[in-house]
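According to the working numbering, the sequence shown is numbered sequentially starting from 2.
Just so you know, even glycine gets a beta-carbon here, dropped at the ideal spot from N, CA and C.
Below is one structure, written out as structure tokens; comments come after it.
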Amino acid sequence: MVEPPKISGDLGAPPAQPATSTDEILVRALVQRRPEAIDELFARYGRQVYSLARRIVADDGLAEDVAQEVFLGLWRDPGKYDRSRGTFGSWLLSVTHHKSVDAVRREEAVRRRGDKLAGELPVRPEQSGVDEAVWNQLRREQVRGALAELPAPQREALALAYYAGYTQREVAEITGAPLGTVKTRMLTGLRRLGELLKDSPARDRSAGEGDPR
């Protein structure tokens, strides 16, 4: 089995000069598992795909992820292209649009889970009244802000595990990532959260009150 090629290149560079092979010929070459075909299609359409994704997701890194996903999906299943539904270029941009919208929805879902988790932090029993409300609100804002600093994959894994209650294996199934990758994301994310919250005002106050560990 031929391994997927490593799709790379300068997505901000001018389009490559047109090659002699038509898009349909290159798609047929993909069916035959010829890596040079995906390289040439990426040279032709990579900039357009990235630009469209960037306009929709409004984030450079996420747009690059979408572009990679589009071309790797094409490599894995080139038969999805149906020439009766239009030109290859228009079809590829349609796929890009759908994947970009899905990426935005995933990001919004992660943010919602993060907000929910921050809102469900335990209440400190020794506090009451206005003091308690202020402390909890401060802590929630600190956690929400720290979560927003994490890369989306780490944020998603933590949200699914700690907010929604899924196991690591279930998180892997939901996100489509290998179990080992999920474990690494969660561990790295937790470490980063600890660093971000280490010097927060809420933590400083808690330490000053002599809370038991």
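Three-pair Cβ contact test at 8 Å for the segment 22-33 versus the segment 53-72: No: the two stretches stay apart, fewer than three of their Cβ pairs being nearer than 8 Å.
E157 classed as buried or exposed, judged by whether at least 16 other C-beta atoms fall within 10 angstroms: Buried is the call here.
Counted within 10 angstroms of its Cβ, other Cβ atoms place L63 as buried (16 or more) or exposed: Answer is buried; the Cβ neighbour count reaches 16.
Residue environment, D24, which counts as buried when at least 16 other CB atoms sit within 10 Å: By the neighbour-count rule (16 or more Cβ atoms within 10 Å), D24 is buried.
Cβ distance (whole Å) where Q143 is taken to contact R186 below 8 Å: At roughly 21 Å, the Cβ-Cβ gap does not stay under 8 Å, so Q143 and R186 are not in contact.
Rounded straight-line distance, which links the Cα of G87 to that of A153: Pairing A153 with G87, the inter-Cα distance amounts to about 34 Å.
Under the three-state DSSP convention, the category T168 falls into: Coil, per DSSP.
Cβ neighbours of Y277 in the same chain (closer than 7 Å, five flanking residues each side left out): Any question about residue 277 goes unanswered here, given that the chain covers just 2 to 214.
Pairwise C-alpha distance: V50 and D78: In a straight line, the C-alpha of D78 is about 18 Å away from that of V50.
Buried/exposed call for I39, threshold 16 Cβ in 10 Å: Flag for I39 reads buried.
Reduced DSSP category for Q155 - H, G, I as helix; E, B as strand; rest coil: Correct three-state label for Q155: helix.
Reference V102, options L148, L53, L73, closest by Cα: Minimum Cα distance to V102 is reached at L53.
Beta-carbon spacing of L188, V172 below 9 Å: Taking 9 Å as the cut-off, the beta carbon of L188 is found no closer than this to the beta carbon of V172.
Contact under 9 Å by Cβ, G181 with L159: It is not a contact, given that the beta carbons lie outside the stated cut-off.
Buried versus exposed, by CB contacts within 10 Å (16 or more), A104: It counts as buried.
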